[in-house]
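In what follows, a single structure is set out as structure tokens and then discussed.
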Amino acid sequence: MLSVPGRLVDAAWLAGHIGATDLVVLDATVPYGPHGPDGRLGLARWREAHIPGSRHADLQGSLSDPASAFSFTFPPTEKLVPALRELGVHDGAAVVVYDDFLNMWATRLWWMLRAIGFTNVAVLDGGWKAWVRAGGPIASGAAHAVPPARPLSVRSRASFVGLDAVQAHVAGQRQSEALVCALPREYFTGVETIGGRGGHIPGSISIPAASLLDAEGRFLPKDELRARLSRLDDASSITLYCGGGISATVVAFALGLIGREDVAVYDGSLEEWNADSSRPLAVEG
């Protein structure tokens, strides 16, 4: 059985294993349209150019909860598991996820897979751009037929938290825990807004997801990650949020690279928090 060598793989490793039995490569990119991320554009973009043998994973469609009022909500397992199986994911698969924007769509899908206990999954460091720079082969057109679905087990759902957990933190009930905003600094300070409201959840600190990547979109070396995440060393646990539970997974992934596993993502993030104007926001910092 093929196993990924760690949470990250580079283009050379992936190129050397393309076509391997039970390797599943998924492009999780959600392109940006005029009004923000638009999953409807993803499949067409993937058909134009993709890693050979890969399939497009629709994070905003089949891999989100259709009953939720918020984008990208983690779906019930009875919906998620069949959607993953249709992409070829099964208990014996080795999965590599990539995207075309800051690793954040890839880490989102990686986090979702880990949330159901699937651990043989890695992110392609630097994503599509790294693949192209490395001279990796490029395919276009429709995906090959997926073999008949094979079993995919569910073992855990511990890596997401809901509104109640964050409200408890704001109320001072979880002072030993860290609450982290992964959005760019201008959102944290209120210069930019989400849902017409600017600022951050009170008590949270700012660690932008992009600050953990180099100029080519790859994760920084572990010693640099430790330095940039050192503000969290004394936290008993860590909860991360962003606009919609996407870029928060970049920080969660980086924390895992340096050995921090006591991490959760607030799935609704500011999209949910800001839906009720009575929930407080802060703009200091």
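The letter at position 282 of the sequence shown is residue 282 when you use our numbering, and the numbering goes up by one with no holes. For every residue, glycine included, the Cβ atom is placed at its ideal position computed from N, Cα and C.
| Asked | Found |
| --- | --- |
| Going straight from the alpha carbon of ALA252 to that of LEU59, what length do you get? | 18 Å |
| What residues are listed by DSSP as bridge partners for ASP27? | HIS56, TYR98 |
| Can you tell me the Cα-Cα spacing of GLY196 and VAL146, whole angstroms? | 42 Å |
| Curious, which full-length beta strand (DSSP E) runs of at least 3 residues does the segment 233-284 contain? | 238-241, 263-266 |
| Taking all protein chains shown into account, decide if VAL180 is buried (16 or more other Cβ within 10 angstroms of its Cβ) or exposed. | buried |
| Within the chosen definition, does the segment 5-21 reach the segment 76-84 through at least 3 CB pairs nearer than 8 Å? | no |
| Tell me the rounded alpha-carbon separation between VAL166 and TYR266. | 8 Å |
| What is the DSSP secondary structure of SER206, reduced to helix, strand or coil? | strand |
| Do you know whose CA, among ALA254, TRP131, GLY19, PHE72, lies nearest SER211's CA? | ALA254 |
| Report yes or no: do the segment 179-193 and the segment 201-221 share at least 3 C-beta pairs separated by less than 8 Å? | yes |
| Helix, strand or coil for PHE72 per DSSP? | coil |
| Does the separation of the CB atoms of VAL250 and ALA209 fall below 7 Å? | yes |
| Could you tell me the distance, in whole angstroms, from the CA atom of VAL121 to the CA atom of ILE18? | 15 Å |
| If you reduce the DSSP assignment to three classes, tell me which class ALA93 lands in. | coil |
| Any idea what DSSP makes of ARG231, helix, strand or coil? | helix |
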